[in-house]
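Engineer: One rule links them: number in this note's numbering = place in the sequence shown (from 1) + 422. For each residue, glycine too, the CB sits at the ideal point set by N, CA and C. Model, not experiment: these values are computed from the prediction. Dumping the structure here so I can ask a few things about it.
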Amino acid sequence: MPAVDYVNTFDTIITVDTYNDSFTIGNANHLINDSTRMSKSGIHYVGKITNDPLFGQTEAQLFLELKPPSYKYFFENHSDSLFIDSVVLVLDYKETFGDTNAVQTVNVYELANTPSNLMDADSNYLVRVPAFFKTGGTLLGSKIFAPNILNDSIKAFKDTTRNQLRIKLDPAFGTRLLQYDSSATGAYANDSAFKSKFKGFAILSEGGGNAIMGFALASTNTKLALYYRYKNVPRQDTTVKYFPFNPITCGNANYIKRNYSGSPAGFSFAGGTTIQDDLVFLQNTPGTFARVKIPGLAGVPNRVVHRAELIIEQVYDPSDEIFFKPEYLLLDVLDTALKNYRYMPYDFTIDQTNTPNLISFGCVGRITDDGLGHRVTTWKFNISRYIQNYFTGNEPLHEMRLFSPYVVYDIYKPNQNVVGYYFGMGLNSAVARGRVRVAGGSYSDPNKRMRLRIVYSKI
């Protein structure tokens with residue numbers, strides 16, 4: 423500002439306090455419970471991360487049904503005229519989070535044919551809760567591979583494509599499917615009859631590996647392929663039939679298990695809210711979060727806020743090369759009057775099309791250099807209007823939460839003059855993958871600490 427205007431602008435840094443924590447399920451404190459459910463359209467993961475040096479271990483288990491495309495369902499001839507060649511489970515591959523060169527073993531089980539193993543196609547199951555579909559059934563097939571092969575071209579009978587995980591199953595299982603019939607009591611009479619004979623698949627990684635692999639279920643590339651021959655006098659013809667994943671009739675569940683034991687993230691949880699953390703560990707759903715407090719704002723007199731931003735800087739680790747950061751972070755506040763979390767007052771906004779201002783608010787980071795030749799990400803959350811309204815007494819000083827959810831369901835109450843309502847949105851495009859370590863409020867390098875920067879003028 424020109425000096426003649428007698429307006430002086432100041433720039434100050436205010437320290438913050440940071441405390442790591444993790445989400446859970448069934449906790450008496452509902453604020454840290456994770457109720458994320460897996461939809462049909464979401465990317466589902468299979469695999470094991472056995473050694474993330476920052477966040478420990480992850481195991482991803484997939485459960486699904488694949489069914490005939492319609493009922494009553496028929497093959498060409500009577501069952502005694504059908505001869506199985508092979509039966510293959512095919513999953514539409516999308517991505518890998520982790521080490522694509524680490525070999526792991528993926529096993530396919532038939533779910534035990536018990537009443538408790540009845541998947542409900544109308545239900546979206548919790549990601550964090552152990553799947554109640556006990557494997558207990560027969561091992562149908564297994565494959566040992568490194569994820570880097572999954573984008574190779576595939577040539578199969580009437581199916582030339584790429585980006586597939588193909589696991590050959592026991593031919594006896596294929597023969598069994600060929601021998602089912604569509605009579606009144608047969609497996610192919612209707613959906614209930616088929617479910618009474620076959621409960622679905624459990625797909626588990628049970629050996630080695632350091633990655634989880636993502637697959638799309640609601641895709642024509644996900645299916646059970648039956649390759650067989652049938653009598654077509656005077657010869658035998660070869661053909662293939664597919665049992666697809668129908669989002670309307672097929673059930674699915676994806677269980678993601680985290681184990682932080684012995685990891686830096688796990689150690690950081692021990693201090694609770696009494697010991698500040700110099701490093702903050704943020705992991706996508708089902709994952710972790712950080713409490714952010716700014717006690718230094720208390721008692722500051724009213725100011726004209728030109729810019730207020732919470733600055734967050736990634737602390738590089740070599741493992742970041744294979745365990746990449748989340749697409750988005752989110753900063754919200756704990757409103758003690760509402761007893762719930764609330765989107766950032768004044769600064770997080772939703773337009774008339776229900777589109778939030780994720781970019782201008784600061785959810786997307788900017789790639790920078792950490793001064794040591796490493797590419798890192800810096801986030802700057804614009805909380806100018808909230809800080810201004812705190813100074814003017816329109817809004818209390820809230821504890822904040824920094825996290826990286828797959829979906830979030832907060833109260834949207836942009837200011838104290840509106841009642842507010844719950845607003846849900848998808849933030850990151852998938853569960854399970856994405857994590858980052860950032861500098862906390864007490865980090866050793868004061869120039870990289872999480873901090874609040876305010877540009878202001880005195881009144």
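So which of 824, 529 and 778 has the shortest CA-CA distance to residue 402?
Structural biologist: As displayed, the chain neither begins before 423 nor continues past 881, which places residue 402 out of reach and without an answer.
Engineer: Which residue's Cα is closest to the Cα of residue 603: 774, 619 and 789?
Structural biologist: Residue 603 has its Cα closest to that of 619, out of 774, 619 and 789.
Engineer: DSSP three-state call for residue 597: helix, strand or coil?
Structural biologist: Helix at residue 597.
Engineer: Going by other Cβ atoms of all chains shown within 10 Å of its Cβ, with 16 needed for buried, is residue 656 buried or exposed?
Structural biologist: Answer is exposed; the Cβ neighbour count stays below 16.
Engineer: Cα-Cα, which of 613, 805 and 679 is closest to residue 728?
Structural biologist: Nearest C-alpha to residue 728: 805.
Engineer: Going by CA-CA distance only, name the one from 716, 827, 481 and 679 that's closest to residue 439.
Structural biologist: Looking at the Cα atoms, 716 is the closest of the given residues.
Engineer: Under a three-way DSSP split, which group does residue 430 fall into?
Structural biologist: It is coil, neither helix nor strand.
Engineer: In terms of residue numbering, what span does the beta strand (DSSP E) encompassing residue 576 cover?
Structural biologist: 575-578 is the extent of the beta strand (DSSP E) around residue 576.
Engineer: How should residue 696 be labelled, buried or exposed, when 16 other C-beta atoms within 10 angstroms of its C-beta is the threshold for buried?
Structural biologist: Result: exposed.
Engineer: With a 10 Å radius around its C-beta and 16 neighbouring C-beta atoms as the bar for buried, classify residue 523 as buried or exposed.
Structural biologist: Exposed.
Engineer: Please specify which runs of the beta strand (DSSP E), each continuous and at least 3 residues long, are wholly inside the segment 509-582, giving them in chain order.
Structural biologist: The qualifying runs are 526-532, 561-567 and 575-578.
Engineer: Along the chain, where does the beta strand (DSSP E) that runs through residue 880 open and close?
Structural biologist: Counting along the chain, the beta strand (DSSP E) containing residue 880 begins and ends at 873-880.
Engineer: In chain order, what residues of the same chain lie with their CB nearer than 6 Å to the CB of residue 512, ignoring the 5 residues before and after it?
Structural biologist: Taken in chain order, the residues that qualify are 586, 588, 645 and 647.
Engineer: Do the segment 475-488 and the segment 588-600 meet, that is, are 3 or more Cβ pairs less than 8 Å apart?
Structural biologist: No, they do not touch.
Engineer: DSSP state of residue 452, grouped into three classes?
Structural biologist: Helix at residue 452.
Engineer: Let me check understanding here. Comparing Cα to Cα, which of 869, 841, 844 and 740 lies closest to residue 800?
Structural biologist: Considering only alpha carbons, the answer is 869.
Engineer: Find the nearest neighbour of residue 790 within the set 779, 782, 802 and 783, judged by alpha-carbon distance.
Structural biologist: Ranking 779, 782, 802 and 783 by Cα distance to residue 790 puts 802 first.
Engineer: When the distance is taken between beta carbons, is residue 437 closer than 8 Å to residue 873?
Structural biologist: Cβ atoms of residue 873 and residue 437: closer than 8 Å.
Engineer: Assuming residue 749 contacts residue 856 under a Cβ cut-off of 8 Å, what Cβ separation, rounded to an integer in Å, is found between them?
Structural biologist: Their Cβ separation, rounded to whole angstroms, is 7 Å, which keeps residue 749 and residue 856 in contact under 8 Å.
Engineer: I'd like to check one pair, residue 541 with residue 485: are the Cβ atoms closer than 8 Å?
Structural biologist: Yes, the Cβ-Cβ distance between residue 485 and residue 541 is below 8 Å.
Engineer: Using DSSP's beta-bridge definition, name the partner residues of residue 466.
Structural biologist: Per DSSP, 637.
Engineer: State the beta-bridge partners of residue 883 as determined by DSSP.
Structural biologist: A question about residue 883 goes unanswered here, because the residues of the chain that appear run from 423 up to 881.
Engineer: Mind checking whether residue 673 and residue 622 have CB atoms under 8 Å apart?
Structural biologist: Contact flag set, yes.
Engineer: Taking Cβ positions, are residue 636 and residue 450 nearer each other than 8 Å?
Structural biologist: In this structure, residue 450 does not lie closer than 8 Å to residue 636 by Cβ.
Engineer: Please go through the same chain and pick out, in chain order, the residues whose beta-carbon is closer than 7 Å to the beta-carbon of residue 786, but skip the five residues on each side of it.
Structural biologist: Result list for residue 786: 750 and 780, in chain order.
Engineer: Along the alpha helix (DSSP H) that carries residue 762, what are the first and last residues, could you check?
Structural biologist: First-last for residue 762: 762-765, but that is the beta strand (DSSP E), not the alpha helix (DSSP H).
Engineer: Rounded to a whole number of angstroms, what is the C-alpha to C-alpha distance between residue 681 and residue 469?
Structural biologist: Taking the straight line from one Cα to the other gives about 14 Å.
Engineer: Would you check if there are 3 or more beta carbon pairs closer than 8 Å linking the segment 491-500 to the segment 534-548?
Structural biologist: Contact between the segment 491-500 and the segment 534-548 is absent, because fewer than three Cβ pairs lie under 8 Å.
Engineer: Could you give the distance in angstroms between the alpha-carbon of residue 669 and the alpha-carbon of residue 633?
Structural biologist: Cα-Cα distance, rounded: 27 Å.
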